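The numbering of the sequence shown is the numbering used here, which starts it at 8 and goes up by one. Take a look at the structure below.
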Amino acid sequence: YPVSGVPIGKPVSNTSVYILDDNMMPVPVGVAGELYAGGDGLARGYLNNTALTDKKFSVHRLAGNMSVRLYRTGDRVCHRNGVIEFIGRIDNQVKLRGFRIEIGEIEATLKNADGVKDAVVILDDSCKGKERLVAYIVPDDEGETVISSARDFLRQQLPDYMVPSVFMQIDEIKSTPNGKVDYRQLPAPEVDRHVAGSLVAPSGELENTVATLWKKVLELDEIGVEDNFFDLGGDSFLMIQLHTLLEETLSRKIPVTDLFRFSTIHSFAAHYGEQRPAAAKTDATRSRAEKQRAAMRKIRRGR
């Protein structure tokens, strides 16, 4: 498991703990799962709350037909190096594009990035009903921009669907009186133009065409040709949408890998603009070859 969590030790005497997956099966060492507790110290349940007792307490059948009564803690943990590491809360899990994502896992990874003092991640649906992950980062040093390096670090540690679409750098993450994150105090998500770069308007037919498609996919009003697709909130899923639109609009096959290689409008247009003369040359060569074959057929018929 890539994320380094907070060590919470081992079970005390007369207490047993289990790390189970969604199917109540034990997970291998190093794989994250939910922590269940059992043993002599286990309570009977919640006083005057049968519904919560039924939800949190269950009987689990072990190997050899042995049954134990367990309490579901709701903690996502990992057993590694002989100790249990706390990763996050199961109830802090969200579903995005069919993937179940542990918000705490993203936050824990972000906090391990160089230059990051604190971080919080939310699932935002304010963008015309389209859900997306938004990361808020507090840098170690004021005035230092760490968004690009933090994003790159996440891409190395987590799958694409867990990398937030929007990163925002803020001075502090405010807390409620009981010490929890005050999500209401977080600023509204928006693209950080300082990170994306100064706005350079498109020039030429190809750059303008590609810019129009970028605006449609990213749902932005302004896009510069030097802006990076991912810095503007793009992700691999939006990249696939862009790929389809580009092939339909430009009427040509485009390798998906090229969109990752040329992730700015300028670099993409420069690459595919340079290919036009080559394509024209290929067409001319093909035309000459056809004429030569036709001439040879006439000669054969004449014989």
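A virtual CB, placed ideally from N, CA and C, is assigned to each residue, including glycine. Just so it is clear, the structure is predicted and the values come from calculations on it, not from any experiment.
- For Arg-51, the three-state secondary structure derived from DSSP is coil.
- Annotation: the continuous alpha helix (DSSP H) that includes Asp-61 extends over 57-63.
- Taking C-beta separations shorter than 8 Å and ignoring five residues to either side along the sequence, the partners of Gly-122 in its chain run Pro-146, Asp-147, Asp-148, Glu-151, Val-153, Ser-156 and Ala-157, following chain order.
- Exposed is the label assigned to Thr-256, since fewer than 16 other Cβ atoms lie within 10 Å of its Cβ.
- Sequence-distant Cβ neighbours of Asp-132 in its own chain, meaning closer than 6 Å and more than five residues away, are Glu-138.
- The three-state secondary structure of Ile-15, taken from DSSP, is coil.
- When the beta-carbon positions are compared, Glu-109 and Gly-95 come within less than 7 Å of each other.
- CA-CA distance, Glu-114 to Trp-221, rounds to 29 Å.
- As the crow flies, the alpha-carbon of Gly-16 is around 16 Å from that of Gly-40.
- Under the 8 Å Cβ criterion, the region 222-242 counts as touching the region 257-274, having at least three qualifying pairs.
- The region 163-197 is shown to contain whole beta strand (DSSP E) runs of 3 or more residues at 173-176, in chain order.
- By the neighbour-count definition (other C-beta atoms within 10 Å, threshold 16), Pro-209 is a buried residue.
- Boundaries of the beta strand (DSSP E) harbouring Ile-94: 90-96, taken from the DSSP string.
- Asp-238 sits buried, since 16 or more C-beta atoms from the chains shown fall within 10 Å of its C-beta.
- Tyr-168 sits close to Phe-106, with the two beta carbons spaced by under 7 Å.
- Looking at the backbone, the Cα of Gln-100 and that of Pro-18 are separated by about 25 Å.
- Under a 10 Å Cβ-count criterion, Glu-214 is classified as buried, with 16 or more other Cβ atoms of the shown protein chains found around its own Cβ.
- Lys-118: member of the alpha helix (DSSP H) spanning 110-118, first to last residue.
- By the Cβ-count criterion, Pro-196 is buried, with 16 or more other Cβ atoms from all chains shown falling within 10 Å of its own Cβ.
- Relative to Thr-219, the option among Asp-242, Gly-37, Ser-243 and Leu-252 whose CA is nearest is Leu-252.
- Per the DSSP secondary-structure output, Arg-79 pairs in a beta bridge with Tyr-43.
- For Arg-139, the uninterrupted beta strand (DSSP E) run begins and ends at 137-146, by DSSP.
- Ranked by how close their Cα comes to the Cα of Ile-91, the residues Ile-26, Leu-117, Thr-57 and Val-263 have Ile-26 in first place.
- In the structure shown, Val-38 adopts coil according to DSSP, grouped into three states.
- Between the C-alpha atoms of Gly-111 and Val-128 there is a straight-line separation of about 8 Å.
- In this chain, the alpha helix (DSSP H) harbouring Val-224 covers 212-225.
- The distance from the Cβ of Leu-245 to that of Leu-227 is about 11 Å, inconsistent with a contact at the 8 Å cut-off.
- Within the DSSP bridge table, the entry for Gln-100 names Glu-109 as partners.
- Under the DSSP assignment, Val-24 falls in the beta strand (DSSP E) whose first and last residues are 22-27.
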